[in-house]
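Chemist: Per the numbering used here, the very first residue in the sequence shown carries number 7; after that it's consecutive.
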Amino acid sequence: MLLELREIDKRFPGTHALKSINLAVEQGSVHAIVGENGAGKSTLIKILTGVYRRDSGQILFDGQAAELESPLQAQKLGIDAVHQEVVVCRSLSVAENLFLGIERSKAGLVNQRQMDAEAQAFLDDLGFNISARSPLSQLSVGQQQLVVCAKAVLRGTRLLILDEPTAFLSTQEAEQLEKLIRRLHVQGTTFVYISHRMEEIFNLSDTVTVLRDGAVVHSGPTAGVTRERLVSLMAGRDIEQFYHKEQMPRGGPLLSAAHLSGKGFDDVSFTVHQGEILGFFGLVGAGRSEVMMSIAGARPFSGELIKAGRKLNTSGVKAALRDGVALIPEDRRNQSLCLSQSIKFNLNLPTYDRDSRGGFVSDAEEQRSAQVQRDSLQIKTPSLEMPVRKLSGGNQQKVVIGKWLNHGADLFMFDEPTTGVDIPTKLEIYRLFSTLVKQNKAILLVSSYLPEVMAISDRLIIMRRGRVVGEVDPAVTSPEEILRLALG
7 MLLELREIDK RFPGTHALKS INLAVEQGSV HAIVGENGAG KSTLIKILTG VYRRDSGQIL
67 FDGQAAELES PLQAQKLGID AVHQEVVVCR SLSVAENLFL GIERSKAGLV NQRQMDAEAQ
127 AFLDDLGFNI SARSPLSQLS VGQQQLVVCA KAVLRGTRLL ILDEPTAFLS TQEAEQLEKL
187 IRRLHVQGTT FVYISHRMEE IFNLSDTVTV LRDGAVVHSG PTAGVTRERL VSLMAGRDIE
247 QFYHKEQMPR GGPLLSAAHL SGKGFDDVSF TVHQGEILGF FGLVGAGRSE VMMSIAGARP
307 FSGELIKAGR KLNTSGVKAA LRDGVALIPE DRRNQSLCLS QSIKFNLNLP TYDRDSRGGF
367 VSDAEEQRSA QVQRDSLQIK TPSLEMPVRK LSGGNQQKVV IGKWLNHGAD LFMFDEPTTG
427 VDIPTKLEIY RLFSTLVKQN KAILLVSSYL PEVMAISDRL IIMRRGRVVG EVDPAVTSPE
487 EILRLALG
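1. My output table needs one value for LEU450: the three-state DSSP class, helix, strand or coil.
2. For the stretch 245 to 333, list the alpha helix (DSSP H) runs that are entirely contained and at least 4 residues long, ordered along the chain.
3. Roughly how many angstroms separate the alpha carbons of ASP212 and GLY293, rounded to a whole number?
4. Going by DSSP, which residues form a beta bridge with SER111?
5. Among the candidates LEU78, GLN118, LEU165, whose CA atom is the shortest distance from the CA of GLU5?
6. Counting Cβ pairs closer than 8 Å, one from the stretch 177 to 197 and one from the stretch 149 to 169, do we hit at least three?
7. Looking at ASP15: is its Cβ nearer than 7 Å to the Cβ of GLY63?
8. Does the separation of the CB atoms of PRO485 and SER463 fall below 7 Å?
9. What span of residues does the beta strand (DSSP E) with ARG218 cover, start to end?
10. So does the stretch 178 to 193 actually touch the stretch 18 to 27, counting three or more Cβ pairs closer than 8 Å?
11. Going by beta carbon distance, what residues of the same chain come within less than 8 Å of MET299, once the five residues before and after it are set aside?
12. Between the stretch 86 to 105 and the stretch 141 to 156, can you find at least three pairs of beta-carbon atoms closer than 8 Å?
13. At a threshold of 6 Å, does ARG110 count as lining the ligand COA (C-beta to nearest heavy atom)?
14. Do VAL223 and LEU239 come within 7 Å of each other at the CB atom, strictly closer than that value?
15. Using a Cβ-Cβ cutoff of less than 8 Å, which residues in the same chain neighbour GLU32 once the five nearest sequence positions on both sides are dropped?
16. To the nearest whole angstrom, what separates the beta carbons of LEU493 and GLY285, a pair I think is in contact under 8 Å?
17. What does DSSP give as the partner residue(s) for HIS224 in the beta ladder?
18. Out of curiosity, what's the CA-to-CA distance linking PRO388 and THR215?
19. Considering only their Cβ atoms, is the gap separating LEU311 from ILE349 smaller than 7 Å?
20. Alpha helix (DSSP H) containing GLN384: first to last residue?
21. Would DSSP call LEU175 helix, strand or coil?
22. Taking the continuous beta strand (DSSP E) assigned at ARG490, which residues delimit it?
23. Can you look up ALA45 in the DSSP assignment and give me helix, strand or coil?
24. Using the Cα positions of PHE439 and LEU343, report the straight-line distance between them to the nearest angstrom.
25. Taking DSSP as the reference, what is the three-state secondary structure of TYR58?
26. Once the 5 residues before and after TYR358 are set aside, which same chain residues still bring their CB inside 7 Å of it?
27. If distances are taken between C-alpha atoms only, which option among SER382, PHE271, GLY281, ALA263 comes closest to GLN253?
28. Could you spell out the range, first to last residue, of the alpha helix (DSSP H) harbouring MET419?
29. Which value, in whole angstroms, describes the spacing of the CA atoms of TYR58 and GLY69?
30. Distance, Cα to Cα, LEU115 vs GLU109?
31. Going residue by residue through the stretch 140 to 196, where are the continuous beta strand (DSSP E) segments of at least 3 residues, counting only ones entirely within it?
32. Given that a residue counts as buried once 16 or more other Cβ atoms are within 10 Å of its Cβ, and exposed if not, what is HIS202?
33. Is GLU372 helix, strand or coil by DSSP?
34. By Cβ distance below 6 Å, which residues in the same chain neighbour LEU383 in space, the five residues on each side in sequence not counted?
35. In the DSSP assignment, what are the bridge partners of ALA38?
36. Give every residue of the same chain whose Cβ lies closer than 7 Å to the Cβ of GLY133, excluding the five residues on either side of it in the sequence, and list them in chain order.
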């Protein structure tokens, strides 16, 4: 065994995060760890990488006791992690990020030319279509994720922990990462792989461990468990299906877009009806998010938008909001939440102008309104006064959705709404979609996860390089045909 955990325990004030964890990871294996948000996965990662110290128990690495008192000590042993939300120096180049801390030098000075050459050869060998001299700020989030993975490989990591590694990757980037994992797997690198995507768990892992409420409830060969059983173990209850969708009668047109053009997209036309989910699929750079931001009044564009029989006011975000348009963007932490503020504040943020009287907001009304959204969305928190930054990713997403439900919008644009959330939370979000369409609201759904967007959408728009290249019925169209349209 490369890694053994024996009776690992960790407590925080008011929380028993890990309860006597026993885990064995074989050398050269891909060991998946799955569980709901709050199951203890993040705490376990931080203990393995030296961020947190365990309260009790023993860690053995390569047969020897390991204290793991700091991230540097973990890295020296050969343990490293690539997190869902990548940590990079955006002002530096790809090469400078790869060699950060181990810079090549000549006569006491950094040898930039040597680093660029070595980095480019390394990236090319991995099959990454990335320039070593490009600033990180010019790369997509997915490309930045690949750079972080490459950095860990370059440093000779023996145990690489991947935390939701494909959450922000395009289909092509995810395929590149999968090829890298398989290649390193053959060469003997050991992986701890954390993902909410069942396809990845069953395609890549040898062994799967399920955490629930801080305890191991199952560990064994991946081939010996079904998807349904795995989800049931994670949730502690049976889940009949992965994608919850009810067939609803379609109402009249709610929004018609004609010949929309702007930065990143050109001549985009579509219509979405009341009670309908219209999906948008495409690779990174297809222009889907740019279209949504323009409809929300956040970007200038040309063309015509007619909502409920009249021209939509997109002169600004507030104007679009007044017309009932709500955007839930992909980057919820930076674009949708005030992380240092309370859950209550975030849930009520869009309605303070509407609900204030003489510049004052009723504390009782603010509390009542937030409580309604907490209960209906099952936001897991001991207090509405807790800063939203302390919530898990899935619960943060619920807060974002809840504030727009509070506002009363009737056109919801969801951009990658299930990125980084666990399967039970995904199911809750899908059921929320059903609740919205039952109320004759319309949804524009942007998702890079093809199984999701095919299962949830009534119709599917495929975009490539800023243009609409097809509209299909996902119920009768194969994934291969959709990918062919998206790839060109």
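Ideal Cβ positions, reconstructed from N, Cα and C, are used throughout, including at glycine.
Modeler: The short version:
1. strand
2. 294 to 301, 323 to 328
3. 37 Å
4. In the DSSP secondary-structure assignment, SER111 is bridged to VAL116.
5. Outside the displayed range of the chain (7 to 494) lies residue 5, so it cannot be described from this structure.
6. When C-beta atoms of the stretch 177 to 197 are compared with those of the stretch 149 to 169, three or more pairs fall below 8 Å, so the two segments count as touching.
7. yes
8. Taking a C-beta distance under 7 Å as the contact criterion, PRO485 and SER463 do not qualify as a contact pair.
9. 213 to 218
10. no
11. Result list for MET299: ARG305, LEU333, PRO335, in chain order.
12. yes
13. The model depicted lacks the ligand COA and carries no ligand whatsoever.
14. Using a Cβ distance threshold of 7 Å, LEU239 and VAL223 count as a contacting pair.
15. MET7, LEU8, THR196, ASP212, THR213
16. Contact doesn't hold; Cβ gap of about 17 Å is too wide.
17. VAL216
18. Between PRO388 and THR215, the C-alpha separation is close to 28 Å.
19. no
20. From DSSP, GLN384 is part of no alpha helix (DSSP H); its letter is neither H nor E.
21. In the structure shown, LEU175 sits in coil (DSSP, three-state: anything other than H, G, I, E or B).
22. Run containing ARG490: none in the beta strand (DSSP E); it sits in the alpha helix (DSSP H), 485 to 493.
23. coil
24. C-alpha of PHE439 to C-alpha of LEU343: approximately 21 Å in a straight line.
25. coil
26. VAL367
27. GLY281
28. Per DSSP, MET419 belongs to no alpha helix (DSSP H); it is in the beta strand (DSSP E), 417 to 421.
29. 21 Å
30. 9 Å
31. 165 to 169
32. Per the 10 Å Cβ criterion, buried.
33. helix
34. LYS404, GLY408
35. DSSP output for ALA38 lists TYR199, VAL214 as bridge partner(s).
36. GLN182, LYS185
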